[in-house]
Every structure is written in structure tokens, then in C-alpha cells.
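Chains as they are written, first to last, in our numbering: chain V, 140 to 494; chain G, 93 to 390.
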Amino acid sequence: MDSLTLDVVVRSISEVGGTVAFIVVGSIILELILFLIFKVILKSPHTLPIMLLGPAAFGMTVLIVYPLLWELNLSFTNMSLRRFGDKAQYTWIACQAKPENINFWLTDCLFKNYVDVFRLPVLKQVYFFPVFLRTVLWTFINMVFHLVGGTILAILLNQPIRGRGIYRTFLILPWAIPQVIAVLAWRGEFHFEYGFVNLMLVRLGLEQINWMTDPFWNFAAMCIVNIWLGIPFMMVILLGGLQSISSDYYEAAEIDGASGLQQFTNITIPLLRPVMTPAIVLGTIWTFNNFNVPFFINQFELETSDILVTALFRAAFQYNRYGFSAAFAFIIFIILLLYSIFYIWISDGLKEVYE
Amino acid sequence: MSVTTDSSNNDNAFQRFFRAKRGHSPFNRMLIHLALIISSIIAIYPVLRVLSVSLRPGDRLLSTSLAIIPSDATLNNYFVVITEKDFMLWLWNSLAITVSTAIIGVIFSSTSAYAFSRWRFPGRNTGMLFLLATQMIPAAMLMVPIYILAVKLGLLGTYRGLVIAYSVSSIPFSVWILKGYYDTIPRDLEEAALIDGANRITAFYRIILPLSTPALSVVFLFNFMQAWNDYLLARVLLANATEIWTWPLGLQALQGQFQTAWGQFAAASIMVMIPVVALFLYSSKYLISGLTAGGVKG
């Protein structure tokens, strides 16, 4: 049993402080090197911005770019827990016999892990495409409910009524709570006998539901939790958008005799677009990548409730297939990248953001 | 009537839009209130349940009652969590790691955002695109290489690994927000200072930083929240080193023993939740303006 003693406090402060000092000293050395290279040797006019960017760029290189490249390399290897210790023990996948043709060499040697993602089960039993379709379904259901719920609540909150501030505070609460706590608490509430969801169903005269063991209801439970968690974000963003629309448009429309619905579809929706587009793109990516909700609701029990990112985590840390999961990770990343490019291209909505 | 003062104080477009039809008829107003009350109940009921479970005495943990305040409410669970469990240690670990990473993250991203905002250097657009692309990386994706690298560098199960990883992981988002904010500060201010003989660094430090306090606090808060609430990275990097577990790992362990420790889990959750929720609600206005200033200009 570990407890909080003075000893522990001193030790942790010295370790954390040491790390901070290490980062500070490292940045100073980095700045000196950059100054020498760019100012003294190259006499570059961009020395100052380069120095301003230096530490962050270095950190991102070490912690994002380098791991990504390393993972790309890993995705071509046969690394797993068994071959973890020694560097020499995992290698690029080599073909035993002489490859018969180029296709065989591509699918069974060079890109073996990538092809395996599609032709072998990604976990024990489930294949890639069912998981992928489930992820798409999950993202779609959540985004629809987030958008519809968020829009309705934003419009309601924008009405001139008493107590808007209080309602707003209550409605924002699911976003404010640490996600881990919210999801773990929900998991408890899906307990068959003592969770409030089933207790309420019983009071309403309905059957109790096996939220934890029935694949369909487990997925439904995930969706319920994530919809509950995600609506406040949309609500707040859209409320901000609604409040920024100038009233002149509505006055002009009223003079022209437009109905309420016409005003909504022709003024409100188009003018909300600059706010909505990034919110939808970000929301979709966050939902697609949502780890906490499926992971904590399901906790490695039902394979049928995994979405791509939790399946990836399981392949890596439960089954320890590192090379395979690296390839799997890149496939997920490419799917997201294609989606974003497609969406940005279609909507042109992020053009503003680039400059 | 409050309605009239309300609309004249806050006469925005959407209220005008509804002016004709909202008519302030008591019936419509009641419907709006009803919808908002039902939504609010859905939003807060699960939280109230956590509170209710935390107040139950040990022998009634598994009750089928739906009352919010149990008739025999007790604070026993809170005492148990504080005195007998590692809860305080988890909180301390989280605090030490989170505060230091948030400060480092703000320092690095504030200077980088300044470079992106005021200079056109080669690779600037690529850099901005790269920052956007990092938002698409699934968190679980980087875990494999980071885990293996941490093992090889001996950073597994140390504060060091987590502090470094958290400081960097929130930089892209912070840079976006801060750059958006700096862009709204007129350049004339710095140019005037430069004419008066200040150099760029002084101008940044004396003019830009003080003017950006709202955005800087948003970024600090965001970094803080991200590290404070993170589970995945902590789980991968801390694994079995229970003496430096952060609270999400500890709470998950408590929740895992559903039968015995549900009340303790609930009590611990309430204690973690209250300061974070208070901070969030207090700062939510700035948070939102900070978010939209970075994401959507104008």
C-alpha cells in the first residue's frame, strides 16, 4: 500500500522539478545552437521566428514525428511481445522462399501486416470491415444526435426566458465532468440489478436489459453515454453562432414576408455554417477516435462492441501484436485523413482557417 | 416584466427572429421551460446518482432505491477514501504532473504561436497544416511507439515520461488557439514600440503577452484539463507503478471492484469532480470565446 507521506511528496517534487529543469536547460542549449547556426553562420533573416519555434518544434519532432516514422518502420516488421527484448529479434518480414512474383512479394512480405489487417481477424474473432462499419455507424449516430440535440437546445436557450443562465449551467455539466468519471459512473449505472437505468425500466413496467452482455444493448449503452457527453459541446458552439448573427437579415426577411421556417433554412443555417463546419469536422474526428467511452463501458469484454481505436489498443496491448497494430494504426489514420480532405474539399469551410 | 428587459438588453438576431411567433404567450413559454427542465434533468441526473451512491452507508451500497439523498446518509465513504485508500496520493501525483506540464506547454506554445502569427518564413504553411493533421492522429496510434520508446529509454513508470509527453501533446491545439488570438492584436502596437527602440522580444513580452492574458489562461486551462483527465497515456506509461498512479487509474481500479467499492468510487469521483467542474463552469465563457477565436475567425 502506498500512501501520501512527506517522503513521497519530496521525492515527487524533486523528480518533477528535475524534469522541468531538464526541459528548461535543454531549451536554452537548443536556442544557443539555433542562434549559432542561423544568425552567425547562415545570417538568416528568419532567425528569430526559428528560435521562437525551436523548443516546440523539437518536442513535436521527438514525440510525434519520430514515433510516427518509427511506427511506420514497425508496421513492416514482425514485432510482438515475444520479440520485444533484443533489437535483432524482430526484423522486416522476410520471405522464406524466393518470391514467385511481385504480387506475392508485396502482399506476403513487404505489406504483409497491412494485408493481414484485411484478411485476418483484427482481434480474436472480428474482422476489419465489421469493426469499420460499426465505427462509421457509431460516428454517424452520435453526430446526428449531437447536432440535432445541440441545435434544439441552443435555440431554446436563445429564447428570452427567465433562468437561462441556470439552464445553461445544468446543460453544460456533462461536458464539464472529467470523462473518465462520467463514463465509469455510467458503467455502474448499467449494472443489471442496481443501475438506475434498469431500475427505471422496471418501474415503467418494462423488462430489464443485459447492458453488459448483450452485444446490441452494449453498443446502445455506448451510444447513450456518448450522446449524453457530446451534446453540450455542440450546444455551446451553436449558441455562440446564433448570437453572432446580425438581426438585419431577419428584419429584411420579415419585410419580404418570409416565414419562420424559411428564415431558419435560408438565414440561420447558412450563417451558422462557418461555426458548424469546423465543429462537425472536429466532432466527427473526435467521435471516430473516441477511446474512453467504448473502452470503459466495455472494458475488453465484448469484441462486438469495439470500434477501430479500441480494437487497435487491444491488438497492441492485449494481444501484443506490435507490428500488426502499427499497420492497423496507419490504416485508421489514412481513413481519417481521406475523410477530412474530402470534407474540407466539399465544404470549403476551413479555407478561412488556413490563413 | 422581465421579458421586456431581457429582450432589450440582449436584443440579438434569433430573438428577433422569434419575436413575431414567440408572442410571449404563457403557454409557449411554459413549453420552452418544460423542454429545458427535462433536458436539464437528463443532464444532471447521472451526476446526482453518483452523489447519492457516495452518501450511502456501506451495508446499503447495493440498494434498489432511486432516492437522491438516502434516508441514512453518511459521509463514511469520504472518510474511508481519504484515510484508508491511496486517493490523496493519486491526487497529488496528478497535481504535480499536471501543473508542471500545463506551464511548460503554455510557454512553448505562446512563443511558437507568435512566430506563426507575425512572420512569413519558409515552411510556415506546412507547419500549420502539420499542426492540423496531428489532430487526426488517433490517441491509441502513438501509444505503441511511445510505449516501446519509453521502455527503451527507461521512462516507463516515472513522472519524467508523463511530464514530457503531456507537455508536448497539447502544443498543436494551443498554438492554433493562440495564433488566432495574436492575429486579432493590431501590429501597430508592436511597431510603435519598435520605433521607440524596443526589440521584438521586449515587444512580445511587454505588449503581446499582457494583451493575450484571456487566451493564455484558456490555453493553460485546456492543457491542465487535458493532462488532468487523461487516462490512456497514463495507463500506458505508468502501467503497474502504483506509487505514481494518477487519479484516473486509481478510480478505474476502485470502480473495477464494483461490489465492494462502488460507494468509495462515487465519493472519490465527487471529490475530483467538484473543483474541476467549478473551474470549468467559471471559465466556460472564456473557454468558448478562446475556442472560436482560434477555430473560426470573426
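Virtual Cβ for every residue (Gly too), placed ideally from N, Cα, C.
Computed from a prediction, not measured in an experiment: that's the story for all the values here.
DSSP-derived helix/strand/coil call for threonine 216 of chain V: For the purposes of this step, residue 216 of chain V is taken as residue 77 along the first sequence, with counting starting at 1. It is a strand residue.
Does the separation of the CB atoms of serine 202 of chain G and leucine 270 of chain G fall below 7 Å? Looking up residue 202 of chain G in the second sequence gives position 110. Looking up residue 270 of chain G in the second sequence gives position 178. Yes, these two residues count as a Cβ contact at 7 Å.
Step through the CB atoms of chain G and report whether any lies within less than 7 Å of the CB of glutamate 440 of chain V. The residue you call residue 440 of chain V lines up with position 301 of the first sequence. No, because no Cβ of chain G sits closer than 7 Å to the Cβ of glutamate 440 of chain V.
Which residue marks the beginning of the alpha helix (DSSP H) containing proline 149 of chain G, and which one marks its end? Here residue 149 of chain G is taken as the residue at index 57 of the second sequence, counted from 1. Note, proline 149 of chain G: premise wrong, no alpha helix (DSSP H); not H, not E.
Taking Cβ to Cβ, would you say proline 433 of chain V is nearer than 7 Å to threonine 449 of chain V? Residue numbering aside, residue 433 of chain V sits at position 294 when the first sequence is read from its first letter. Residue numbering aside, residue 449 of chain V sits at position 310 when the first sequence is read from its first letter. In contact: proline 433 of chain V and threonine 449 of chain V (Cβ atoms closer than 7 Å).
Using 6 Å as the cut-off, classify the Cβ of valine 261 of chain V as near or not near the heavy atoms of the ligand GTP, replying yes or no. As for the ligand GTP, it is missing from this structure, which has no ligand bound.
Is the Cβ-Cβ distance between leucine 173 of chain G and alanine 331 of chain G less than 7 Å? One-based indexing of the second sequence puts residue 173 of chain G at position 81. One-based indexing of the second sequence puts residue 331 of chain G at position 239. Per the sequence presented here, residue 173 of chain G reads as valine, with leucine not at that position. Taking 7 Å as the Cβ cut-off, valine 173 of chain G and alanine 331 of chain G do not qualify as a contacting pair.
Nearest-angstrom Cα separation, counted from glutamine 298 of chain V out to glycine 198 of chain V: Counting from 1 along the first sequence, the entry for residue 198 of chain V is found at position 59. Counting from 1 along the first sequence, the entry for residue 298 of chain V is found at position 159. Glycine 198 of chain V and glutamine 298 of chain V: Cα-Cα distance of roughly 47 Å.
Neighbour flag for threonine 203 of chain G against chain V, beta carbons, 7 Å: Here residue 203 of chain G is taken as the residue at index 111 of the second sequence, counted from 1. Chain V contact via Cβ: present.
Return no unless some Cβ of chain G is closer than 7 Å to the Cβ of tyrosine 120 of chain V. Here chain V has residues from 140 to 494 only, and residue 120 of chain V is not among them.
Contact set between tyrosine 323 of chain G and chain V, taken where Cβ atoms lie within less than 7 Å: Stepping through the second sequence from its first residue, residue 323 of chain G is reached at position 231. In chain order: Val319, Asn431.
So, is methionine 339 of chain V buried or exposed, given that buried needs 16 or more other C-beta atoms within 10 angstroms? Here residue 339 of chain V refers to the residue found at position 200 when the first sequence is read from its first residue. Exposed, because fewer than 16 other Cβ atoms sit within 10 Å of the Cβ of methionine 339 of chain V.
Can you find at least 3 beta carbon pairs, one from the segment 316-333 of chain V and one from the segment 357-375 of chain G, that sit closer than 8 Å? yes
Can you give me the C-alpha to C-alpha distance between alanine 232 of chain G and alanine 465 of chain V, rounded to a whole angstrom? As a first step, residue 232 of chain G is located in the second sequence; it is residue number 140 there, counting from the start. As a first step, residue 465 of chain V is located in the first sequence; it is residue number 326 there, counting from the start. Between alanine 232 of chain G and alanine 465 of chain V, the C-alpha separation is close to 10 Å.
Can you check whether the CB of asparagine 315 of chain G is closer than 7 Å to the CB of serine 262 of chain G? Within the second sequence, numbered from 1, the residue matching residue 262 of chain G stands at position 170. Within the second sequence, numbered from 1, the residue matching residue 315 of chain G stands at position 223. It is a contact, given that the beta carbons lie within the stated cut-off.
Alpha-carbon spacing of isoleucine 277 of chain G relative to phenylalanine 296 of chain G, whole angstroms: Within the second sequence, the letter at position 185 stands for residue 277 of chain G. Within the second sequence, the letter at position 204 stands for residue 296 of chain G. Their backbone Cα atoms lie some 11 Å apart in a straight line.
Can you have a look at alanine 284 of chain G and say buried or exposed, based on whether 16 or more other CB atoms are within 10 angstroms of its CB? Taking the first residue of the second sequence as position 1, residue 284 of chain G is located at position 192. Under this definition alanine 284 of chain G is an exposed residue.
Can you grab the Cα-Cα spacing for the pair histidine 110 of chain V / proline 354 of chain V, in whole Å? With chain V covering 140 to 494 only, the question about residue 110 of chain V has no answer from this structure.
Please compile the residues from chain G whose C-beta is within a distance smaller than 7 Å of the C-beta of isoleucine 300 of chain V. Taking the first sequence and counting its residues from 1, one reaches residue 300 of chain V at position 161. Those within 7 Å of isoleucine 300 of chain V in chain G are Arg121, Ile124, His125.
Three or more C-beta pairs closer than 8 Å, one from the segment 417-427 of chain V and one from the segment 188-204 of chain G: is that the case here? no
Compare the Cα-Cα distances from phenylalanine 222 of chain G to each of V:Tyr333, V:Met374, V:Leu207 and report the closest residue. If you number the second sequence from 1, residue 222 of chain G lands on position 130. Closest by alpha carbon: V:Leu207.
Endpoints, alpha helix (DSSP H) assigned at glutamine 402 of chain V: Here residue 402 of chain V is taken as the residue at index 263 of the first sequence, counted from 1. 399-402 is the span of the alpha helix (DSSP H), which, as asked, contains glutamine 402 of chain V.
Run through chain V and tell me which residues come within less than 9 Å of arginine 252 of chain G, C-beta to C-beta. As a position in the second sequence, residue 252 of chain G is number 160, starting the count at 1. Going along chain V in sequence order, the residues near arginine 252 of chain G (Cβ under 9 Å) are Glu154, Val155, Gly157, Thr158, Phe161.
CB proline 138 of chain G to CB glutamate 210 of chain V, shorter than 7 Å? The residue you call residue 138 of chain G lines up with position 46 of the second sequence. The residue you call residue 210 of chain V lines up with position 71 of the first sequence. No, they are not a contact pair.
Taking only three categories from DSSP, how would you classify glycine 302 of chain V? The sequence position of residue 302 of chain V within the first sequence is 163, counting from 1. Coil at glycine 302 of chain V, not helix or strand.
Identify the contact partners of glutamine 344 of chain G in chain V, using a Cβ-Cβ distance below 8 Å as the criterion. Reading the second sequence from its first residue, position 252 is the one you call residue 344 of chain G. Val319, Leu323, Phe435, listed in chain order.
Isoleucine 176 of chain V burial status per 10 Å Cβ neighbour count (16 or more: buried): Here the question's residue 176 of chain V lines up with position 37 in the first sequence. That one is exposed.
As a quick exercise: from V:Ala196, V:Ala360, V:Val155, pick the residue whose alpha carbon is nearest that of proline 264 of chain G. Against the second sequence, residue 264 of chain G aligns to sequence position 172. Looking at the Cα atoms, V:Ala196 is the closest of the given residues.
So, is the C-beta of alanine 135 of chain G closer than 7 Å to a C-beta in chain V? In the second sequence, counting from the first residue as 1, residue 135 of chain G sits at position 43. Yes, its Cβ sits closer than 7 Å to a Cβ of chain V.
When you compare only the Cα positions, how much space is there between asparagine 365 of chain V and methionine 317 of chain G? Taking the first sequence and counting its residues from 1, the one referred to as residue 365 of chain V is at position 226. Taking the second sequence and counting its residues from 1, the one referred to as residue 317 of chain G is at position 225. Looking at the two C-alpha atoms, the distance is approximately 19 Å.
Label arginine 273 of chain V either buried or exposed according to how many other C-beta atoms from any shown protein chain fall within 10 Å of its C-beta, with 16 as the threshold for buried. The sequence position of residue 273 of chain V within the first sequence is 134, counting from 1. Arginine 273 of chain V is buried by the Cβ-count criterion.
CB leucine 213 of chain V to CB methionine 190 of chain V, shorter than 7 Å? For the purposes of this step, residue 213 of chain V is taken as residue 74 along the first sequence, with counting starting at 1. For the purposes of this step, residue 190 of chain V is taken as residue 51 along the first sequence, with counting starting at 1. Cβ distance not < 7 Å, so leucine 213 of chain V and methionine 190 of chain V don't count as in contact.
Let me know if arginine 258 of chain V comes out buried or exposed under the rule of 16 or more other beta-carbons within 10 Å of its beta-carbon. Counting from one through the first sequence, the residue named residue 258 of chain V turns up at place 119. It is exposed - the Cβ of arginine 258 of chain V has fewer than 16 other Cβ atoms within 10 Å.
Can you pull out the residues from the segment 465-486 of chain V whose beta carbon lies closer than 7 Å to at least one beta carbon of chain G? Ala465, Ala468, Ile471, Phe472, Leu475, Leu476, Ser479
Just to make sure I have the definition right: I need the residues of chain G whose C-beta is within less than 8 Å of the C-beta of glutamate 328 of chain V. Which are they? Translated into the one-based positions of the first sequence, residue 328 of chain V becomes position 189. Neighbours of glutamate 328 of chain V on chain G, chain order: Pro138, Arg141.
Going by the beta-carbon positions, is the gap between serine 151 of chain V and alanine 188 of chain G smaller than 7 Å? The residue you call residue 151 of chain V lines up with position 12 of the first sequence. The residue you call residue 188 of chain G lines up with position 96 of the second sequence. Against a cut-off of 7 Å, the Cβ pair of alanine 188 of chain G and serine 151 of chain V comes out as a contact.
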